[in-house]
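Let me begin by presenting the structure, written as structure tokens, before commenting on it.
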Amino acid sequence: SLAAVHQEVQEQKYEIGELDDRLDEVEDGVDRLGQDVQENRDAIGDVKQDVEEQGERLDELEEVVDETVDKVEELDHKTLSHAPAWSRDVAELLNEETDGDWRLLSKRLGYTNDDIRNWATQPNPALSMFDEWFATHKTREATYAIQKNLEEMNRIDAAEIVERALAMAENVVEDSEDEEGDPPSIFISYQWGFQQEVKMLKNHLEQSGYKAWMDVGQMGGGDKLYAKIDQGIRAAQVVISCVSEKYAQSPNCNKEVNLSVTLGKPIIPLLMEKMSWPPPGTMGPIFSEYIFIRFFQRKGEETGDERFWPDSKFTELLMQLRFSLPPDESIITQAIYNKWMANSESCVCVLHLQTDDSVSQTSGQPEVFISYQWGKQPQIKALYQRLSQLGFTCWLDIMQMGGGDSLYDKIDKGIRGCRVVLSCVTSKYSMSANCRREVSLADATKKPIIPLLLEQMTWPPEGPMAMVLTQLLYIQFHKDPEVQNRWDGPQFEELLQKI
1 SLAAVHQEVQ
11 EQKYEIGELD
21 DRLDEVEDGV
31 DRLGQDVQEN
41 RDAIGDVKQD
51 VEEQGERLDE
61 LEEVVDETVD
71 KVEELDHKTL
81 SHAPAWSRDV
91 AELLNEETDG
101 DWRLLSKRLG
111 YTNDDIRNWA
121 TQPNPALSMF
131 DEWFATHKTR
141 EATYAIQKNL
151 EEMNRIDAAE
161 IVERALAMAE
171 NVVEDSEDEE
181 GDPPSIFISY
191 QWGFQQEVKM
201 LKNHLEQSGY
211 KAWMDVGQMG
221 GGDKLYAKID
231 QGIRAAQVVI
241 SCVSEKYAQS
251 PNCNKEVNLS
261 VTLGKPIIPL
271 LMEKMSWPPP
281 GTMGPIFSEY
291 IFIRFFQRKG
301 EETGDERFWP
311 DSKFTELLMQ
321 LRFSLPPDES
331 IITQAIYNKW
341 MANSESCVCV
351 LHLQTDDSVS
361 QTSGQPEVFI
371 SYQWGKQPQI
381 KALYQRLSQL
391 GFTCWLDIMQ
401 MGGGDSLYDK
411 IDKGIRGCRV
421 VLSCVTSKYS
431 MSANCRREVS
441 LADATKKPII
451 PLLLEQMTWP
461 PEGPMAMVLT
471 QLLYIQFHKD
481 PEVQNRWDGP
491 QFEELLQKI
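Residue numbering for the sequence shown follows UniProt numbering, starting at 1 and increasing by one per position.
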């Protein structure tokens, strides 16, 4: 009906009116949203501008930081003036914590744990350590020590920096002919940890008539240094090996020992610290054939001065050197020489003067040649004194210091000129190459040999001496060690009868 249609139209008109109102509200909301978006755009623009301003400020701050770093480095160079320029690059590598970092290098250079702890509190521990090292050592010696230890630590990356720096400095000044010179007759092979001790040893050797060569004293660096070491060993008549635990582990020291053996150079091992013998490692088979000289002090052997060796051991070293070369008397410091001679001459006995012509003739050629190893020197000096008191003229190596001949020549003349040889046998005696030479020469020249057994051991002794001594009857002096200090009793009477 029309009424129903009218009613429906009215309802739709009402709904359209509501939709129109809602549309107006939506339009108002859109307008407000557009206004908010515009405001956000403006805010974002402001933020972007702020970010750009902050970026510019950061760039300025970065420039300030770079300038500050440059100034700090410049200040470091001014305050840490002892360390060379290359030390900063090496320190940067060593500051990284590894098994072979600056702490290991510090220990190898002889610093204590307290020193390492103090440097650890510094911003640059390695550089602080370098500064201390170069402040207390000569630059070239300190540089070489660092290079050598870095190589032994297998830090080739850091060692190459040092080597390049040395190579660049090599051509700054040419070496003069005087600086090159001829290598001395003695080459001292050592590990850096004992550098100060070896320098003292070198000084005392020169005061006693022997010029010695040690790599720090003739330092160049890189290939030139190794060439000098090679030249020094080849020119040497004797090589002194200062053996320590670190020495036995050092690749460079192993090379020096191997070259010495290959060239047939006489080697005198000095034991610088208490350790097993022969040393473990690749040097063991080589040094097993050598008898070392204990060159460190035990309790009661202190000398009261800077020397680290016992007096008797330095004399033993000088005697070993005499086997290969005589001292240069023109460079001997009189005080040192007299002290050395006094040690050996203290046991000489003044014999009763005799006018017999036969005595004056035999005084030039001692009748009794005493062959022994230096481990028994105090007892043999007592034997020499006892026989001298009884009227026998004796030959003993420590009485042959004077003159320009080598000790080998004196031994040869002594054995050929004597009438009997006393062979004072110990385990070390049977191992000694020099003692074996004396026994062989006595046997070859048909000299009567009287073996004196000074310690408990198998007979005949092991080694080449067995061929000569196996047919001889020994006199045992080992059961009562005091007899070797007094030289009396039935065994000594038997010795006198055989002489």
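Even for Gly, the Cβ is constructed at its ideal location relative to N, Cα and C.
Nothing here was measured: the structure is a model prediction, and the numbers come from that model.
No residue range can be given for L396, since it is assigned to no alpha helix (DSSP H) and is classified by DSSP as neither H nor E. Across the structure, E53 and T68 are spaced so that their CA atoms are roughly 22 Å apart.
Assignment of beta-bridge partners to V238 by DSSP yields I186.
Collapsing the DSSP output to three states places A212 in a strand.
The Cβ atoms of I286 and N252 do not sit closer than 9 Å to each other. Only residues of its own chain outside the window of five on either side were considered, and among them S208, G209, Y210 have a CB closer than 7 Å to the CB of P327, listed in chain order. Annotation: the continuous alpha helix (DSSP H) that includes S427 extends over 427-431.
Secondary structure of P461 (DSSP, three-state): coil. For S324, no alpha helix (DSSP H) run applies, since DSSP gives it neither H nor E. For I411, the enclosing alpha helix (DSSP H) stretches over residues 407-417. Here Y14 is exposed: its Cβ has fewer than 16 other Cβ atoms, across all protein chains shown, within 10 Å. Three or more beta-carbon pairs separated by less than 8 Å link the segment 238-256 to the segment 189-198, which places the two stretches in contact. In this structure, L109 lies near I146, with their beta-carbon atoms less than 9 Å apart. Pairwise C-beta distances place the segment 37-54 out of contact with the segment 98-107, as fewer than three of them are shorter than 8 Å. CA-to-CA, the gap between Q297 and S260 works out to about 27 Å.
Put simply, the backbone Cα of I229 is about 8 Å away from that of M214. Per the C-alpha coordinates, the member of C418, H204, E482, V64 positioned closest to I499 is C418. Distance between R57 and A227, taken at the CA atoms: about 58 Å. Between I449 and V421, the C-beta spacing is below 9 Å. By the neighbour-count definition (other C-beta atoms within 10 Å, threshold 16), H6 is an exposed residue.
Approximately 6 Å separates the beta-carbon atoms of A142 and W133; this is inside 8 Å, confirming the contact. With distances taken between CA atoms, N95 lies nearest to S128 out of R294, I331, S128. In this structure, the straight-line span from the alpha carbon of F477 to that of G232 is close to 45 Å. Using a 10 angstroms sphere on the CB of Q497, the tally of other CB atoms stays under 16, which defines it as exposed. Fully enclosed alpha helix (DSSP H) runs of no fewer than 4 residues occupy 102-108, 113-120, 125-136, 139-152 of the UniProt domain "Death" (87-166), in order along the chain.
Note on the UniProt domain "T-SNARE coiled-coil homology" (20-82): there is no whole alpha helix (DSSP H) run with a minimum of 4 residues. Shown here, R437 sits in a helix according to DSSP, grouped into three states. Sequence-distant partners of E206 (beyond 5 residues in either direction) whose C-beta falls short of 7 Å from its own C-beta, in its chain, are A212, I331. Separation of the CB atoms of E152 and S87 is rounded to 19 Å, and the pair is thereby denied contact status at 8 Å. L472 is not a Cβ neighbour of C424, given a cutoff of 9 Å. If you draw a straight line from the Cα of K71 to the Cα of Y144, it is about 30 Å long.
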